[in-house]
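Chemist:
Residue numbers (the UniProt record's numbering): 1 to 367.
#1: Under the assumption that residue 382 contacts residue 140 (Cβ atoms under 8 Å), give the Cβ distance between them as a whole number of angstroms.
#2: Quick check on residue 380: buried or exposed, where buried means 16 or more other Cβ atoms within 10 Å of its Cβ?
#3: What separation, rounded to the nearest whole angstrom, lies between the Cα atoms of residue 88 and residue 103?
#4: Residue ranges of each beta strand (DSSP E) run of no fewer than 3 residues wholly in the segment 57-133, ordered along the chain?
#5: Please state the DSSP three-state secondary structure of residue 249.
#6: How would you call residue 297, buried or exposed, if buried means at least 16 neighbouring beta carbons within 10 angstroms?
#7: With H, G and I counted as helix, E and B as strand and the rest as coil, what does DSSP make of residue 272?
#8: Residue range of the alpha helix (DSSP H) that residue 32 falls in?
#9: Would the beta-carbon of residue 159 fall within 8 Å of that of residue 208?
#10: On a Cα-Cα basis, can you pick out the residue from 221, 258, 146 that is closest to residue 231?
#11: Measure the alpha-carbon distance for residue 221 versus residue 275 and round it to whole angstroms.
#12: Residue 367: which of 256, 117, 299, 331 sits nearest, CA to CA?
#13: Run the CB neighbour count on residue 338, radius 10 Å, all protein chains shown included, and call it buried at 16 or more, exposed below.
#14: Within its chain, find whatever has a CB closer than 8 Å to the CB of residue 43; leave out the 5 residues flanking it on each side and keep chain order.
#15: Measuring CB to CB, does residue 243 end up less than 8 Å from residue 263?
#16: So the candidates are 148, 150, 117, 149; which of them puts its Cα closest to the Cα of residue 135?
#17: Among the residues of its own chain, which have a CB less than 7 Å from the CB of residue 325, if the five just before and after it don't count?
#18: Hey, residue 154 and residue 229 are a contact pair by Cβ (cut 8 Å); roughly how many whole angstroms apart?
#19: Does DSSP put residue 203 in a helix, in a strand, or in coil?
#20: How is residue 257 classed by DSSP in three states: helix, strand or coil?
#21: Shortest alpha-carbon distance to residue 78 belongs to which of 60, 105, 273?
#22: When the Cα atoms are used, what is the spatial distance from residue 364 to residue 255?
#23: Measure the C-alpha to C-alpha separation of residue 358 and residue 60 and round it to an integer number of angstroms.
#24: Using only CA atoms, which one of 170, 279, 342, 314 lies nearest to residue 120?
#25: Ignore the nearest five residues each way along the sequence and tell me which others in residue 163's own chain have a CB closer than 6 Å to its CB.
#26: Where does residue 302 sit, in a helix, a strand or coil, going by DSSP?
#27: Got a sec, what are the start and stop residues for the beta strand (DSSP E) residue 265 sits in?
#28: At which residues does the alpha helix (DSSP H) containing residue 326 begin and terminate?
#29: So residue 111 packs on residue 71, CB below 8 Å; how close in whole Å?
#30: Give me, in chain order, the residues of the same chain whose beta-carbon lies closer than 7 Å to that of residue 246; leave out the 5 immediate sequence neighbours on both sides.
#31: Bridge partners of residue 23, per DSSP?
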């Protein structure tokens, strides 16, 4: 009996002595002009290495590569190069086609690919994870908010064609939800329309945003409406310009209510709109009021200054999610270390198609 007891103690000691490799390589691939995302990635790794409570026996080594937009051939070369160095995971915030290409390679070789961009695909690769809210999740949030507000008649104003894809579930599910909500009223009166009345306008690439807002304003006058609502789907880089155009045509009064689709409204200087009476609402993920956020920004801006980049006041959503992704990876590594003995993370070859040995376990712990 005593021998059995000693055996248990020895076994437990062996488990507790398991340790991750002293060096863990992590790949990062970013566009040349996306200094913000790269800086956040590097700062997240730096802070992780300094935190003695995390990955105590290991040091994370960053292997960063830069790429020009939409260069899928170079993306394949870079991805295979990183995998050949034995990386535990590859981080990227890249254009859609390039990102999908790299995800496919990593998935085939069973190495996690971690993304943080908006992605409309309903199904993501087995070994990829994306912290950006899924379109269905955002659609549900928009639907819930619009139902709370009681909107039944509104404009959907968008910039790019992909907005229709982004808002597809919102349109379908929102209409269905409101139909169910109004079924009782519909039974009482055949004249009631149970569906949302959505009028769609797309900004013309060859004209100014003002022209489209003038069209909306004329349509409102024809319908003799006083109060009207606008769902505005515009890229972050053009969001200020679009809001300014609305202000210039007199559509920033108490008669307008805006729901902004972008999760980056917090990065826009809203000083010009502070004294307007329009209601401008958006969802937000970045919590820059958190105590440690300003310390993170100091380190990010220090990194950016080395590339002659203007300092930032806050982070775009996709960049902030990179920071969270790094912390999620470190937590997954700790959990995996408790479950199995990881002595090394071997290189993977795109030519021989030998697969990673712990990628599936790691991604499962992350999910």
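Note that beta-carbon positions come from the ideal geometry of N, C-alpha and C, so glycine has one too.
Modeler: The short version:
#1: The structure shown does not extend to residue 382, since the chain is modelled only from 1 to 367, so the question has no answer here.
#2: Any question about residue 380 goes unanswered here, given that the chain covers just 1 to 367.
#3: Within the chain shown, numbered from 1, the residue matching residue 88 stands at position 88. Within the chain shown, numbered from 1, the residue matching residue 103 stands at position 103. The straight-line gap from Cα to Cα measures roughly 14 Å.
#4: 59-67, 87-93, 113-115, 128-130
#5: For this step, residue 249 is matched to residue 249 along the chain shown. Reduced to three states, the DSSP call for residue 249 is coil.
#6: Counting from 1 along the chain shown, the entry for residue 297 is found at position 297. That one is buried.
#7: Numbered from its first residue, the chain shown carries residue 272 at position 272. Residue 272: helix per DSSP, three-state reduction.
#8: For the purposes of this step, residue 32 is taken as the residue at position 32 of the chain shown. Neither: residue 32 is in no alpha helix (DSSP H) and is coded neither H nor E.
#9: Translated into positions along the chain shown, residue 159 becomes position 159. Translated into positions along the chain shown, residue 208 becomes position 208. Contact: no.
#10: Numbered from its first residue, the chain shown carries residue 231 at position 231. Nearest option by C-alpha distance: 258.
#11: Counted from its first residue, the chain shown places residue 221 at position 221. Counted from its first residue, the chain shown places residue 275 at position 275. Cα-Cα distance, rounded: 24 Å.
#12: To locate residue 367, count along the chain shown from 1; it is residue 367. Measuring from the Cα of residue 367, the nearest candidate turns out to be 331.
#13: For the purposes of this step, residue 338 is taken as residue 338 along the chain shown, with counting starting at 1. It is exposed - the Cβ of residue 338 has fewer than 16 other Cβ atoms within 10 Å.
#14: Counting from 1 along the chain shown, the entry for residue 43 is found at position 43. 296, 299, 300, 303, 323.
#15: What you label residue 243 is simply residue 243 of the chain shown in a count that begins at 1. What you label residue 263 is simply residue 263 of the chain shown in a count that begins at 1. No. Outside cutoff.
#16: If you number the chain shown from 1, residue 135 lands on position 135. Closest option to residue 135, Cα to Cα, is 117.
#17: Against the chain shown, residue 325 aligns to sequence position 325. So the list reads 91, 114, 116, 131, once near-sequence residues are dropped.
#18: Within the chain shown, the letter at position 154 stands for residue 154. Within the chain shown, the letter at position 229 stands for residue 229. Their Cβ separation, rounded to whole angstroms, is 4 Å, which keeps residue 154 and residue 229 in contact under 8 Å.
#19: Along the chain shown, one-based indexing puts residue 203 at 203. In the structure shown, residue 203 sits in coil (DSSP, three-state: anything other than H, G, I, E or B).
#20: The residue you call residue 257 lines up with position 257 of the chain shown. In the structure shown, residue 257 sits in a strand (DSSP, three-state: E or B).
#21: Along the chain shown, one-based indexing puts residue 78 at 78. The shortest C-alpha separation from residue 78 is found at 105.
#22: For the purposes of this step, residue 364 is identified with residue 364 of the chain shown, where counting begins at 1. For the purposes of this step, residue 255 is identified with residue 255 of the chain shown, where counting begins at 1. If I take the Cα positions, the gap works out to 49 Å.
#23: What you label residue 358 is simply residue 358 of the chain shown in a count that begins at 1. What you label residue 60 is simply residue 60 of the chain shown in a count that begins at 1. Each residue's alpha carbon lies about 17 Å from the other.
#24: Here residue 120 refers to the residue found at position 120 when the chain shown is read from its first residue. Looking at the Cα atoms, 170 is the closest of the given residues.
#25: Indexing the chain shown from 1 puts residue 163 at position 163. Answer for residue 163: 233, listed in chain order.
#26: Counted from its first residue, the chain shown places residue 302 at position 302. Residue state, collapsed to three classes: helix.
#27: Here residue 265 refers to the residue found at position 265 when the chain shown is read from its first residue. Here residue 265 belongs to no beta strand (DSSP E), and DSSP marks it neither H nor E.
#28: Looking up residue 326 in the chain shown gives position 326. Residue 326 -> alpha helix (DSSP H) spans 317-339.
#29: As a first step, residue 111 is located in the chain shown; it is residue number 111 there, counting from the start. As a first step, residue 71 is located in the chain shown; it is residue number 71 there, counting from the start. About 21 Å separates the two Cβ atoms, so there is no contact after all.
#30: Against the chain shown, residue 246 aligns to sequence position 246. Hits under 7 Å: 213, 252.
#31: Here the question's residue 23 lines up with position 23 in the chain shown. According to DSSP, which records beta bridges pairwise, residue 23 is partnered with 59.
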